[in-house]
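Before any comments, here is the structure.
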Amino acid sequence: MSCGPTRPLDPSGAFSWDSRKSSVESLTWPRIPYLPFSLPHYVANMVLTCVLSFLNYTSLAIVGYITVTFGVVSLSSFVILVLFAIPKIKFIRWLSLGQKGVNKYWTLFFNTLFWNLNFLDNASTLAGEVEDPQRTYPKALFSAGLLTCLAYLLPLLAVSRVVPLDQKDWINCYFANVTLFIVGKWLKICVEIGTCLTLVRLYEAQLSNCAYLILSMIDIGFLPEAFGVRSKLFDMAWMGILILTLVTLAVSYMDFANIISCVNFLYSLGMLLEFASFLWLRRKLPTLERLFRVSLELPSLVALCLVPYGLLIYVMVVANRTFYLVSAVLTIFGIFWYFFH
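Note that the sequence shown ends on residue 691 in the numbering used here; no numbers are left out.
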């Protein structure tokens, strides 16, 4: 409600909700290296999606334990890889600007980078489930952001300067192949398993987030109360899980790069409004009680938001016309739903 009574028609109801649902592309990765896009591919995707969705339906606590356990297991493989790679690093290779004559796909680079580092704001939808969020949330967000950056930077910095530079090899399963070269087959298998576990935990976490996001949209009157029905057996809001499962199956045939671009575009629209709402609330209601507060004055907050604003706008500018059309359709749908539902 931060921008006035018409706040629900913003992308948080259409763009942001849809972008969060669209993050299901993470589930398509575990079987890409092993199955071609054929009938077995779609059957495997359907079965895996339904099994993981049912697991999420049973308990939020189970999802939490799975997320933490799978995260530790998957990161362990990359920690071992970095330790083996450090003695073999040729530091002069860090000065390389890339191979001459090889095209640099900056649009794909920034889209992929942005996709890998976004959605940290999803944590806000589960604030009601956390004890003492004023103390724990800032620490958790800082730790998660730091861990995410290190988990990407350290393996990249180590591995990319051990093997000879050949950008044609930078394709799916690159880390697994490099692991085979640096350490051996046993760790290559561990990296592949860790990758699959990572994507499973991301999907489970995203599913839980969307289930509670629907409950939040019901609270502000954007969705009817029928969407908030809970399971009598597990006391879980199952409507969000069902919707996201159906969307997962619907988009599973799409190209991965196109899904990333679409997700980024829709997410950027939602984030632009989230930052605008954040600044507007700080200016209009500076004394409003919050779960936690960013300890900066308004001019500093504006300067702080300029960097993400620039990246968000860039991601939107480089999108193709298809995503502009999708954005327009969702905008119209959001306005229509707000005024006529």
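Quick reminder that beta carbons are idealized off the backbone N, C-alpha and C, glycines included.
Of all the options the options, which has the alpha carbon lying nearest to the alpha carbon of residue i?
i: P483; options: I593, L662, L631 and R643; result: R643
i: K440; options: L507, A494 and S424; result: L507
i: C499; options: C612, F464, S558 and I521; result: F464
i: T548; options: V422, C400 and E575; result: V422
i: G562; options: H391, G590 and V401; result: According to the sequence displayed, residue 562 carries Tyr and not Gly. With distances taken between Cα atoms, Y562 lies closest to G590.
i: D585; options: Y407, T399 and L596; result: Y407
i: Y415; options: A555, A669 and L592; result: A555
i: A607; options: A669, V679 and G451; result: A669
i: C546; options: S645, G451 and T417; result: T417
i: L458; options: I610, A494 and E481; result: I610
i: P488; options: S581, S650, R640 and I685; result: R640
i: F690; options: A394, N395, F572 and S581; result: F572
i: V480; options: D569, V397, I436 and A411; result: A411
Roughly how many angstroms separate the alpha carbons of residue i and residue j, rounded to a whole number?
i: E647; j: R485; result: 20 Å
i: K535; j: T529; result: 8 Å
i: V579; j: R632; result: 35 Å
i: V413; j: V541; result: 22 Å
i: C612; j: A653; result: 28 Å
i: Y688; j: L599; result: 27 Å
i: V667; j: S510; result: 30 Å
i: T378; j: W456; result: Bear in mind that a pLDDT of 42 at T378, under 50, signals an unreliable position, so the number given afterwards is only what the model happens to contain. Approximately 24 Å, taken between the alpha carbons.
i: F577; j: I564; result: 7 Å
i: V676; j: C523; result: 31 Å
i: R656; j: W520; result: It should be noted that the sequence gives Leu, not Arg, for residue 656. Roughly 32 Å between the two C-alpha positions.
i: K538; j: Q517; result: 20 Å
i: L583; j: L592; result: 16 Å
i: W588; j: N559; result: 12 Å
i: A494; j: R443; result: 30 Å
i: S446; j: K438; result: 17 Å
i: R671; j: L619; result: 15 Å
i: P649; j: F492; result: 22 Å
i: T399; j: I436; result: 38 Å
i: V401; j: S645; result: 43 Å
i: S426; j: Y664; result: 34 Å
i: N395; j: D605; result: 14 Å
i: G660; j: I570; result: 30 Å
i: I430; j: F686; result: 53 Å
i: L635; j: L651; result: 15 Å
i: I568; j: P390; result: 38 Å
i: T681; j: Y553; result: 26 Å
i: L405; j: V597; result: 17 Å
i: V679; j: N453; result: 34 Å
i: V397; j: S581; result: 22 Å
i: A490; j: G451; result: 44 Å
Anyone know if the C-beta pair for residue i and residue j falls short of 8 Å?
i: Y617; j: N461; result: no
i: F615; j: F683; result: no
i: S409; j: G544; result: no
i: R551; j: F420; result: yes
i: F531; j: V513; result: yes
i: S403; j: T637; result: no
i: V533; j: F628; result: no
i: V432; j: L497; result: no
i: A502; j: N527; result: According to the sequence provided, residue 502 is Tyr. The question's Ala does not apply to it. Not closer than 8 Å, so no.
Under 8 Å by Cβ, that's how I've got residue i and residue j pegged, so tell me the actual separation to the nearest angstrom.
i: L557; j: Q449; result: No, L557 and Q449 are not in contact; Cβ-Cβ is about 41 Å, not under 8 Å.
i: Y392; j: S602; result: 7 Å
i: L622; j: L662; result: 6 Å
i: P658; j: F625; result: 7 Å
Under 7 Å: does the beta carbon of residue i sit that close to some heavy atom of the ligand FMN?
i: V597; result: Because no ligand of any kind appears in the structure shown, any question about the ligand FMN cannot be addressed here.
Can you find a C-beta in chain C that's less than 8 Å from the C-beta of residue i?
i: R485; result: The structure shown contains no chain C, having only a single protein chain.
Report the start-end ranges of each alpha helix (DSSP H) in the stretch 439-515 that is 4 residues or longer and not cut off at the edges.
456-467 and 483-509
4-residue-minimum alpha helix (DSSP H) runs that sit fully inside the stretch 559-646, ordered along the chain
588-601 and 606-634
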